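Engineer: Have a look at this one before I ask anything.
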DNA sequence: CATGGGATTGACT
DNA sequence: GTCAATCCCATGC
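Numbering (this note's numbering), first residue to last: 167 to 371.
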């Protein structure tokens, strides 16, 4: 609709959360598409500026070992959260991709803070805004993502992913190798918003 | 049942 | 640059 309906506000309604069909395609494609989308939990949100793709066909992916208690979520329905504990300390947030039965997910690695920033400061206890969400463990702490969110539907909420407020052009996203892994290090499955200050280190060259 | 390894972070040399 | 914290869970005896 081109005009504003009489009696309605001029503000466009927020877009719906992404549905399962968005995630039910090649995981590398989804990883690139998620850069610029918005993750939100309980009013705290940020724009995704960095992702990584993981697929059962390569050994860095948890699903590479097959279906176990740990990987069940990865093999489940697309559009759900896969949250696991890393190094005994951090809860890392992923979005399950591809069709049910295929183990694949996108790791959300960094956000540009958008809303609820006061709560991010309190939860993180850091001095620099750059430090709020510039890493997968950091953003989970800032948003309040916990292991209990494992398997949660990212469309239904409360943990949701929405389309970007303003779509990014493809050339604003740079591909590079993944961080912190020892297996399949050659795959360039990390996607970052070019020159964005909130990307985690090491930054892509 | 014991062991070992992380998709990290922050503190320190 | 180095390194430890800390816990889930896969693997092997």
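We treat Cβ as the ideally placed atom computed from N, Cα and C, and that holds for glycine. Model, not experiment: these values are computed from the prediction.
Can residue 201 and residue 217 be called in contact, C-beta distance under 8 Å?
Structural biologist: By one-based count along the first chain, residue 201 stands at place 35. By one-based count along the first chain, residue 217 stands at place 51. In contact: residue 201 and residue 217 (Cβ atoms closer than 8 Å).
Engineer: Based on DSSP bridge pairs, tell me the residues matched to residue 274.
Structural biologist: Here residue 274 refers to the residue found at position 108 when the first chain is read from its first residue. In the DSSP output, where bridge partners are listed per residue, residue 274 has 217.
Engineer: Is residue 345 closer than 8 Å to residue 359 when the C-beta atoms are compared?
Structural biologist: Position 193 of the first chain, counting from 1, holds the residue named residue 359. Position 179 of the first chain, counting from 1, holds the residue named residue 345. Not a contact, by the Cβ cut-off of 8 Å.
Engineer: Unbroken beta strand (DSSP E) runs of length 3 or more, entirely within the region 303-335: which are they?
Structural biologist: Qualifying beta strand (DSSP E) stretches, in chain order: 325-328.
Engineer: Suppose contacts are defined by Cβ-Cβ distances below 8 Å. Is residue 323 in contact with residue 209 by that definition?
Structural biologist: Taking the first residue of the first chain as position 1, residue 323 is located at position 157. Taking the first residue of the first chain as position 1, residue 209 is located at position 43. In this structure, residue 209 does not lie closer than 8 Å to residue 323 by Cβ.
Engineer: Which term fits residue 275, buried or exposed, when burial requires 16 or more other beta carbons within 10 angstroms of its beta carbon?
Structural biologist: On the first chain, residue 275 is found 109 positions in, with the first residue counted as 1. Classification for residue 275: buried.
Engineer: To the nearest angstrom, how far is the alpha carbon of residue 198 from that of residue 328?
Structural biologist: Indexing the first chain from 1 puts residue 198 at position 32. Indexing the first chain from 1 puts residue 328 at position 162. When rounded, the distance between both Cα atoms is 14 Å.
Engineer: Suppose the cutoff is 6 Å on Cβ atoms and the five residues either side in sequence are ignored; what does the same chain contact list for residue 243 look like?
Structural biologist: For the purposes of this step, residue 243 is taken as the residue at position 77 of the first chain. Taken in chain order, the residues that qualify are 266.
Engineer: Any chance the region 224-238 sits against the region 289-300, with 3 or more Cβ pairs inside 8 Å?
Structural biologist: Contact between the region 224-238 and the region 289-300 is absent, because fewer than three Cβ pairs lie under 8 Å.
Engineer: Straight-line CA distance for residue 271 to residue 257?
Structural biologist: The residue labelled residue 271 in the question sits at position 105 within the first chain. The residue labelled residue 257 in the question sits at position 91 within the first chain. Each residue's Cα considered, the two are about 15 Å apart.
Engineer: Enumerate, from N- to C-terminal direction, the unbroken beta strand (DSSP E) stretches of 3 or more residues contained entirely within the region 222-293.
Structural biologist: With a minimum length of 3 residues, the continuous beta strand (DSSP E) runs that stay inside the region 222-293 are 247-252, 256-262, 270-281.
Engineer: Measuring CB to CB, does residue 246 end up less than 8 Å from residue 310?
Structural biologist: Within the first chain, residue 246 is the residue found at index 80, counting from 1. Within the first chain, residue 310 is the residue found at index 144, counting from 1. Cβ atoms of residue 246 and residue 310: not closer than 8 Å.
Engineer: By how many angstroms is the C-alpha of residue 291 removed from the C-alpha of residue 181?
Structural biologist: Against the first chain, residue 181 aligns to sequence position 15. Against the first chain, residue 291 aligns to sequence position 125. Distance between the alpha carbons of residue 181 and residue 291 is about 31 Å.
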